[in-house]
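Just so you know, we're using the working numbering here: the sequence shown kicks off at 9 and counts up by one.
Positions of the beta carbon are idealized from the N, C-alpha and C atoms, including for glycine.
The structure displayed is predicted, hence computed values, not measured ones.
What follows is a set of notes on a single structure, which appears directly below.
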Amino acid sequence: MSPNLLLNEQVADRRLRGLPTLHLGFGEARLPLLAELAQVFVEAARQASYSPVAGTEAARVAVAGYFQRRGLATNPSDVVLAPGSKPLLFATVAALDGDVYLPAPAWNSYAPQVRLAGRTPIGVPIGERYGGLPEPRLLRARIEQDRGLGRRPAAVIVNSPDNPTGSVAPRAVLAELCAVASAAGLTVISDEIYRDLLHTSEPYVSAAELLPERTVICTGLSKSLAIGGWRIGTARFPASSYGNELRDQVLALASDLWSTMAAPMQAVAAYAFAEPPAVTNRLRQSRRLHASLARACCQVCQSHGAAVREPAGGFYVYVDFTERRSAFARHGATDSASLARLLLDDYGVAVLGGHHLGDAPERLAFKIATTGFIGDTDEEQLAALTAANPARLPHVRDRLRWLDEALAGIGGDARTTSTGCHSA
Ligand SMILES: Cc1ncc(COP(=O)(O)O)c(C=O)c1O
């Protein structure tokens, strides 16, 4: 089972046993359902027939419009919808013939998906400042080495903003990566599921702008609109004969695996991807909330000496306490697995260790899903969504303090002064 889902079960089990637990290990958006989405869903509930494999015309037109508003000319025929972006990522990898490069660390499902597709996942370390993509020079060297060994590299996955570091790749870095991919004939799979949760108004650059003929974008509504359980995902294929071929292979696989996205969800997708004011307003609120929590979380971790890459989107913070190894070792935390275990067993704080994400296991690194600070009840979540400064709400501060005290306990409370959330 995926380590994040396993951790989820462990947390549920602890709570059943009455053990207080701060769950910072699951990437669920945890926000109340937008009323307008519920309305569309209820009105479409009677639609019970199979939809076309690629999605209804209305849903595909809405998705094409969504990309067009982001500067990417898109034909509805280049769009495929599916029950979540996970199956689309898998089907795209399965349609390619060769090995797949991943950033290390990366979201925990990429490597198993690549293996399930019968390909080899190859983790390439991220750079010092940005996560979500292999460091381009390391990638170039790795491709040469792999070719020398007779491997057949086929694709590279880019995730911006990414899970786990929350980084947004700047144009120059992404351009370098795309140049390496282009020279090697790789397909870029650009996972943009956190794109609508950018923390600042800095312009976003998609790999599809830089390498249009070989970039497939995967995205969905699970994170941006907090409807992961409704399973709405989509992919945009390049408008080229290569893109058409890839799309047709994905559709062939879809027709044998999941047939189509659920019919009521086609209606929800058609509504949400058209981005009416209710949706754009929710996205604005969510962005402010996630930015505030990421900043506050960074400050707590940095005050205990963590190295953190600056999160600029999504809802994750990836912290690395390797520099504090000797203090942490005194409490039994000698690698990411023992650190995550100690945090859970002794302090009730659930996080996902970096070893589950392809990071070097000896690093004292883990991922925090900052949505764990939002609160569990509808009232808490709504208050967080609408507050001018969510990190100052009492229930959020209590949770931030919980993490603060856990880190103070493990680190022996030798604090460093934080100057805010900057790259380390
Ligand atoms: C980076 C990334 N990509 C894709 C997904 C899958 O999302 P879904 O299948 O709900 O669209 C997730 C969910 O955790 C994720 O973090």
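Assuming residue 87 and residue 101 are in contact, meaning their beta carbons sit under 8 Å apart, how far apart are those beta carbons, in whole angstroms? The beta-carbon separation of residue 87 and residue 101, rounded to 19 Å, does not stay under the 8 Å limit for a contact.
Do residue 104 and residue 173 come within 8 Å of each other at the CB atom, strictly closer than that value? Result no, Cβ atoms of residue 173 and residue 104 do not sit closer than 8 Å.
Got a sec: does ligand 1 put a non-hydrogen atom nearer than 7 Å to the Cβ of residue 167? With a cutoff of 7 Å, residue 167 counts as near ligand 1, since its C-beta is closer than that to a heavy atom of the ligand.
For a test of your reading of the model: does the CB of residue 228 fall under 7 Å from any non-hydrogen atom of ligand 1? Yes or no. For residue 228, the Cβ falls inside the 7 Å cut-off from some heavy atom of ligand 1.
Taking 7 Å as the cut-off, is the C-beta of residue 289 nearer than that to any heavy atom in ligand 1? At a threshold of 7 Å, residue 289 does not count as near ligand 1, since its beta carbon sits no closer than that to any of the ligand's heavy atoms.
Do residue 373 and residue 380 have their C-beta atoms closer together than 8 Å? Cβ atoms of residue 373 and residue 380: not closer than 8 Å.
Keeping to the same chain, check which residues put their C-beta closer than 8 Å to that of residue 126; ignore five residues upstream and five downstream. Taking residue 126 as the centre and dropping the five residues before and after it, the same chain places the C-beta of 102 closer than 8 Å to its C-beta, in chain order.
CB contact flag (residue 29, residue 356, <8 Å): A contact, by the Cβ cut-off of 8 Å.
Bridge partners of residue 199, per DSSP? Paired residues: 167 and 226.
In the DSSP assignment, find the unbroken alpha helix (DSSP H) run with residue 94 in it and report its ends. Element bounds for residue 94: 93-103.
Return yes when at least one heavy atom of ligand 1 lies under 7 Å from the C-beta of residue 252, else no. No - ligand 1 has no heavy atom lying nearer than 7 Å to the Cβ of residue 252.
Collapsed DSSP secondary structure at residue 87 in the structure displayed: Residue 87 carries a strand assignment under DSSP once its states are collapsed to helix, strand and coil.
Once the 5 residues before and after residue 95 are set aside, which same chain residues still bring their CB inside 8 Å of it? Cβ neighbours of residue 95 beyond the five flanking positions: 241, 262, 265 and 266.
Can you confirm whether the segment 266-280 touches the segment 296-304 when touching is taken to mean that 3 or more C-beta pairs between the two stretches lie within less than 8 Å? The segment 296-304 vs the segment 266-280: no contact.
Simplified DSSP assignment, three categories, for residue 431: Model confidence at residue 431 stands at a pLDDT of 35, short of 50, so the residue's coordinates are unreliable and nothing is read from them.
Using the C-alpha atoms, what's the distance from residue 216 back to residue 14? Distance between the alpha carbons of residue 14 and residue 216: 34 Å.
Under 8 Å between C-beta atoms, does residue 184 make it to chain C? Looking at the structure shown, chain C is missing, and only one protein chain is on hand.
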